[in-house]
Every structure is written in C-alpha cells, then in structure tokens.
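Just below is one structure, and these are the notes that go with it.
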Amino acid sequence: RNQLQPWLKYIKLLFTALFKLPYAECHTVWRGIPKDVCEQYREGNEVTWWSITSTTSSFDVLQSPMYLGREKVQTIFAIKTKYGKSIREHSHLQNDDETLLSPGINLKVIGTLKHADGIHIIHLRDVNSFSDSLMNVSPPVDEYRNPRLEEIIRSIEERGTLILDSMNLSDQDMEIVAKLGIIEKKCKIISLRNNAITSVGISILSQAFGSRRYFSALYLDGNRILDAGVQCIATRLPSEELCFRKLYLNSVGMSDVGCEYLAEMLRVNHSTYHLHLSDNDVSDRGLQLLLETTQSYESNVASITLDGNRRITDASINAICTAISSSHGFHNLNVRNCSISDAGKEQLKVAAQQGFYFTIGV
C-alpha cells in the first residue's frame, strides 16, 4: 500500500471515469487467451478477476489478429454479465463493441466445452460482484477538493458565465467544474483557457454535457487536450439536441485527426456556428475536411479560424475558392500566418470579393 500511495489519486480518477461509462447493452461478452486454462476453471467454481478486462460482444472478432488470430490452442470465455462498461466511443477498434469488465468482478463457472481443434470454451456468469459495491462506497482516498474553485463557481449566477482562465486547473478539477458549473449552475459560457487540462479532463467534463442542451461558448484554448480531447467533445455532440454555438480550440495540439472528428460532428450536428482552431498542427487535408462540411445546405457554420497553422499551404487554394463560391451560410475564413504565398493570398482576396458577403483573413 505504501508503494501505491503516490498513485492513489490517479487510480481514483481512473475508476471514477470507468464507473461513469454507460453499461453495455449486450449482456454476453467474449474474451480469449492463446492457451488452455480449463483446469483452473472447473464447473461450479467461483473466481474473481481483479484486472480491468477488455472483452468484445462479437465472437468472430476474437479470430482477428488484434485478438487471438489463428492460434492452435485457444481458451474462449463466454461471459454473461451486467457489469460490462461500453467503450465503443473511446476505442480505437471502430468495428467492435469493446466492453470493459470492472476489477473485482465475481464469476461462476457454468460449464466448459473442449473441441478437438484445440478451442476450449468456458461459460461464466457473474454473481454478486465486488465491483458493484465499489460504486456505492466512498473510496479509501479522501475526496478531491479545490475550495477556491468551488467558491468561485458557487458565487456566480445560474445560467451565467463561468470564467476559470489561467488557474492551473487539472483533470481532477474538471469533476468539480462538471458537477457545480454545468449540472448545478447550468452555465451557458464556460472558459477554461490556459490551464493544465488534458484529454482525461475533457472526457470527465464531457460526461456532463448531456445535462444541458444549449451552450453559447466553450473556451479550451491553451490546454494540451490533443486529438483525443477533441474526439471527446465531438462524440458528445451527435445531434442538435446538444449544441455549442462557439468552440474555441486554439493551441490545443490538435492535428488533421481532430479535424476529422469535428467534420463528422458537423455533418450530423448543425448547431455549431463558429470554430476557432488557430495555432495547431492542421494541414491542407484538415482544412479541406472542414470546408467540405460548409457546402451542405444544412450546415450553419458561419466562420472558421485557422490562423497560425503553418502546414496550410497553396494546396488549399482551390478548396477555399470552391467553398467561397458555393457557400450558403459560411461567410468568414481566417488563415493568417499560415504558409500561403503572396500570390495565393491575392487569389483568395479576389475570390472573396466575388463571393456573397464573404470575408477572408490572409
């Protein structure tokens, strides 16, 4: 326990995030290992799995190289449980309903089946689970508090503006912001510029987005949330039932991958009007992905700011000109301090003058 002491708060943060994940709809999940362990799982025995266990809802997926491939000897666990946590929205395995089993899950061996081809199947069913009780008891570590942060949030008016810039806030603080600022105070504008928030904190924060339907603006400038943090935001905005009119993601370390997540969000959610993505690592490809979404009649994107993305070059000129000429509600693009040549800038200025009330910053 002494060796774990420095890590206890991080472990608490991990398990808090795990317990907040939605339960999986599928109650039978599968896991495989490339060896025979049937002797350790006799019918009627009960076992406790103490690790966080990754499983899949598809038996066929186990045969893929990511799992067992075609190993000669395989043990496959068929597990009936109500404790699975769905991580499909967060998993790199896009075609798999990946499910995590919480540590401390108690399983009873219902039966075993051995095949001549070296595949052994062990059927397990959960019994009263220690992991279930974990969610209903206080953790052994003192609850994290930030009195100054709590005082600031409690002092603002309901549905007001929450400004928490440059306060050195961490991922742990996002639990307080989510609970007090979003759920209780229902703040419409949330500014968290220049803190120490990562994608972990954004994941915690985004879990509270569903408690409100409308936000005027979210400011995350200067936090290294990277593409993973952008993904957390984008996947929480699947429809117009939840919206951010303005998203400020300047200098967050995002790349074209983050643009992919945002573009997919904009295709299904038409409630975001202004995107601010300056000083990141976006290239011509990322810009073009975003511009494509503005050409839809359903799009409400009015402006995109990409100043300081040095990987945007003259290769984007045709895509920008197309977006200008075919825009419906899109009327402003900023690409200052990128790598567009002087000739390219002049070409864009001419295109903007010919557009319908379009302004471009080069």
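Residues -26 to -1, 1 to 336 in mature numbering (1 follows the signal peptide of the UniProt record, and there is no 0) are what the sequence shown spells out, letter by letter.
Note that the Cβ used here is the ideal one computed from N, Cα and C, for glycine as well.
Since the model is a prediction, treat every value here as computed from it, not as a measurement.
Same chain, Cβ closer than 6 Å to residue i, neighbours up to 5 away in sequence not counted
i	result
residue 381	Outside the displayed range of the chain (-26 to 336) lies residue 381, so it cannot be described from this structure.
A325	C295, I298
I61	E72, L74
D281	S252, N308, R310, N311
residue 347	Given that the chain is displayed from residue -26 to residue 336, the structure contains no residue 347 and the question cannot be resolved.
R5	T29, F51
Residue i - containing alpha helix (DSSP H), residue span
i	result
R122	121 to 129
Y(-17)	-19 to -7
Y235	230 to 242
D100	Unbroken run through D100 is the beta strand (DSSP E), 93 to 100; no alpha helix (DSSP H).
T279	No alpha helix (DSSP H) holds T279; the beta strand (DSSP E) holding it covers 277 to 279.
Neighbourhood of residue i by C-beta distance below 8 Å, restricted to the same chain and skipping five residues each side
i	result
E20	N80, L81, K82, V83, V101
W(-20)	none
L123	L138, M141, L143, D147, I150, V151
C-beta contact flag for residue i and residue j at 8 Å
i	j	result
R128	L154	yes
S28	Y57	no
D71	S31	yes
V174	D201	no
L136	K160	no
L194	Y222	yes
C217	S180	no
D316	I286	no
residue 350	N308	The structure shown has nothing for residue 350, since the chain only spans -26 to 336.
A208	Y235	yes
T172	I150	no
V275	L251	no
K59	A(-3)	yes
Q262	A293	yes
Exposure of residue i, with buried meaning 16 or more beta-carbon neighbours within 10 Å
i	result
D145	buried
S112	Low local confidence applies: a pLDDT of 40 at S112 is under 50, so the model's placement there is unreliable, with the coordinate-based value given in what follows. S112 comes out exposed.
D139	exposed
S300	exposed
K88	exposed
F51	buried
L(-13)	exposed
G92	exposed
K323	exposed
Q327	exposed
I314	buried
Q(-24)	exposed
V336	buried
R133	exposed
N197	buried
Endpoints, the beta strand (DSSP E) within which residue i is located
i	result
K54	48 to 54
N308	306 to 308
A191	188 to 193
K220	217 to 222
L265	Looking at the DSSP string, L265 is not in any beta strand (DSSP E); the run it does join, the alpha helix (DSSP H), is 258 to 268.
I334	333 to 335
N80	79 to 88
K59	58 to 60
Cβ distance (whole Å) where residue i is taken to contact residue j below 8 Å
i	j	result
H244	E272	5 Å
residue 400	V3	Residue 400 lies beyond the residue range present for the chain, which begins at -26 and ends at 336; the question has no answer from this structure.
D255	S225	10 Å between Cβ atoms; not a contact.
H94	C12	5 Å
G203	C233	Actually they are not in contact, since the Cβ atoms of G203 and C233 sit about 14 Å apart, beyond 8 Å.
K(-7)	Y118	Contact flag wrong, Cβ pair sits at about 15 Å.
Chain-order list of residues whose beta-carbon lies under 7 Å from that of residue i (same chain, five-residue window excluded)
i	result
M148	I171, G175, I178, L179
K319	V336
Min CB distance residue i to chain D below 8 Å
i	result
K(-15)	Although the question refers to chain D, the structure presented lacks it and comprises just one protein chain.
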